[in-house]
Amino acid sequence: MSDQLPALLVKVGRFPQLHGGLGVVRTLGRMGVPAYAMVEDRFTPAALSSHLAGRFIRPTTGREDTSELVSTLLQIGREIGRPTVAVPEGDEAAVLLAENAGRLAEWFVLPPVPPALPRTLASKEGLHRICQEHGVPTPRTRSPVNRAELVAVSRAWGFPVVLKDREAFTKLNDSAMGHTTVVHDEAELLARCGAAESPSVIVQEYIPLELAEEWFTHLYCSARGIPRLVFTGHKFRSWPPKTGLTTRARARPNTTLATLAVELCRAIGYCGIADLDWRFDRRDGRYKLVDFNPRFGQQFRLFSTTRGLDVVRALYLDLTGQHVPDGVQIHGRGFIVGNLDAVSATVSAWRERRLPAALPRRNLERAWLCRDDPVPAVAEAVRFSGTVARRLTKPLRAVGGPDKGVPAAGALPHDTVSAPAGPLLPQKGAAP
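With the working numbering, the residue at position 322 of the sequence shown is 386, and numbering never jumps.
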């Protein structure tokens with residue numbers, strides 16, 4: 065048995081094809097840490113990693129009672145049989161761990177984050193309130209109380225507007241959105257929100273990418289918000305395009321952005337790993353905070369210090385009482401999610417009627433392909449092929465009006481740039 069304390073990747077919801085959890089297993093396994101993971105099934109890519117010490121097949125939806133989820137974690141803790149560092153994948157897992165840290169302390173080692181803070185940060189309404197309190201620039205945001213106010217705000221601001229789930233667990237419970245959604249007119253707005261008189265969404269000002277840049281900061285903060293690691297990166301492509309998961313990015317220095325993130329975490333006393341999404345608005349020259357995720361970002365392996373440290377390794381070392389070595393960010397590293405980036409580049413090129421911009425191919429960290437751990441990439445290729453086949457044949461199987469089953473010109477079936485339904489990559493809470 066390793067002398068290192070084990071670690072557990074904690075997952076709430078169903079998203080077997082997200083790659084960040086595999087990155088956690090690999091980064092900890094390479095440290096010699098016994099890395100365990102909660103997985104949806106035995107063929108989940110992360111479940112097949114050679115760096116995994118053990119898997120716990122515990123499919124969840126996020127609709128379970130909190131007591132049931134906590135009992136599941138305590139049972140896993142007893143099976144591992146040793147104090148275990150818990151690493152949340154997803155906002156829901158981060159909220160669950162923080163709010164139940166006292167009960168989970170029997171088996172799990174957790175950062176001393178204020179219990180209510182992750183839920184507030186993961187809430188788009190709560191985050192906007194924090195930004196206002198601490199003077200952090202953010203796009204205009206409203207939490208409409210009903211459909212009438214939602215429509216009125218959208219008309220006043222002008223389309224397109226951005227819709228997001230109001231709370232962390234909403235997207236796992238019959239959510240209208242599922243992920244960030246850009247709507248382009250009033251008819252689409254009403255269609256996306258369904259028949260609910262009080263939709264559980266916030267509406268946010270849309271900042272066009274032609275007038276903006278997408279950036280992110282990844283941090284690890286110890287107790288009382290003291291920063292131990294701060295990384296900054298530039299997003300080039302995403303899936304869905306312009307609104308979704310990062311598929312291509314580069315590590316780039318940005319002291320202004322790093323300072324903004326550090327000052328916010330200090331002010332609110334945040335402790336743990338954080339992934340902050342920013343949009344640089346060229347209209348007023350300000351970086352505006354769009355999301356604060358109280359957990360690791362899916363692309364966290366983009367970043368490393370000169371001492372080989374990333375945010376997950378820093379978390380583990382700090383929580384186990386080991387020295388967290390100083391080091392500066394390595395710049396020029398790239399990150400790519402190959403399958404999704406190819407789709408994103410193709411769709412974007414079709415819509416914009418031009419070839420995608422050439423991006424550097426050196427020093428790329430790949431989400432799936434890995435020489436010392438090849439099987440997960442094969443498993444993802446099989447799952448992804450099946451997902452694409454189902455999406456492409458769905459129009460042939462669809463039954464309904466003339467707008468159903470007929471993809472728009474130049475778009476993939478059920479294109480998710482402006483709609484949550486049917487993305488190529490299953491979203492959190494969705495069936496694969």
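Idealized CB from N, CA, C, for every residue including glycine.
All figures in this text were calculated on a predicted structure; none of them were measured in a lab.
Coil, strand or helix - residue i by DSSP
i	result
Gly-51	The structure shown does not extend to residue 51, since the chain spans only 65 to 496, so no value can be given for it.
Leu-419	coil
Asn-357	strand
Ile-394	coil
Thr-244	coil
Asp-479	The pLDDT assigned to Asp-479 is 32, lower than 50, so where the model puts this residue is not dependable; a value taken from the coordinates is nonetheless given after this. Reduced to three states, the DSSP call for Asp-479 is coil.
Ile-140	helix
Thr-108	coil
Arg-127	coil
Arg-432	For the record, residue 432 in the displayed sequence is Trp; it is not Arg. If DSSP states are grouped into helix, strand and coil, Trp-432 belongs with coil.
Val-225	strand
Thr-451	helix
Asp-339	strand
Phe-367	coil
Arg-350	strand
Val-375	helix
Val-103	strand
Leu-73	strand
Asp-345	strand
Phe-79	coil
Residue i vs residue j beta-carbon contact at 8 Å
i	j	result
Arg-230	Lys-188	yes
Ala-441	Ile-400	no
Leu-174	Val-76	no
Pro-272	Ser-412	no
Gly-308	Trp-279	no
Lys-352	Thr-202	yes
Pro-263	His-248	no
Val-149	Leu-69	yes
Gly-85	Leu-73	yes
Asp-382	Val-388	yes
Pro-152	Arg-350	no
Tyr-380	Ile-337	no
His-395	Ala-322	no
Ile-266	Arg-206	yes
Leu-433	Arg-312	no
Arg-119	Tyr-100	yes
Phe-295	Phe-344	no
Pro-98	Ala-117	yes
Asp-374	Phe-364	yes
His-115	Arg-142	no
Ala-232	Asp-155	yes
Arg-90	Asp-437	yes
Leu-138	Glu-170	yes
Thr-369	Leu-253	no
With 16 other Cβ atoms within 10 Å as the buried cut-off, status of residue i
i	result
Leu-275	exposed
Leu-227	buried
Trp-12	Residue 12 cannot be examined here, being either before or after the span of the chain that is shown, 65 to 496.
Ser-408	buried
Arg-183	buried
Met-102	buried
Asp-467	The pLDDT assigned to Asp-467 is 44, lower than 50, so where the model puts this residue is not dependable, and the model offers no usable value.
Asp-355	buried
Thr-244	buried
Gln-268	buried
Val-392	exposed
Thr-130	exposed
Val-470	Unreliable positioning characterises Val-470 in this predicted model, as indicated by a pLDDT of 33, which lies under 50. The coordinate reading is nonetheless provided below. When all chains shown are included, Val-470 counts as exposed.
Leu-419	exposed
Ala-421	exposed
Ala-157	buried
Pro-178	exposed
Phe-107	exposed
Thr-124	buried
Ser-113	buried
Ile-290	exposed
Asn-210	exposed
Gly-361	buried
Glu-261	exposed
Asn-427	exposed
Problem set entry | Segment contact flag, the region 255–270 with the region 325–333, C-beta cutoff 8 Å, min 3 pairs | no
For this session: Please specify which runs of the beta strand (DSSP E), each continuous and at least 3 residues long, are wholly inside the region 144–215, giving them in chain order.
Result: 148–153
For this session: Kindly confirm or deny that the region 188–198 and the region 209–222 touch, where touching means at least three C-beta pairs closer than 8 Å.
Result: no
Problem set entry | Length-filtered (4 minimum) alpha helix (DSSP H) runs lying within the region 250–337 | 250–257, 319–332
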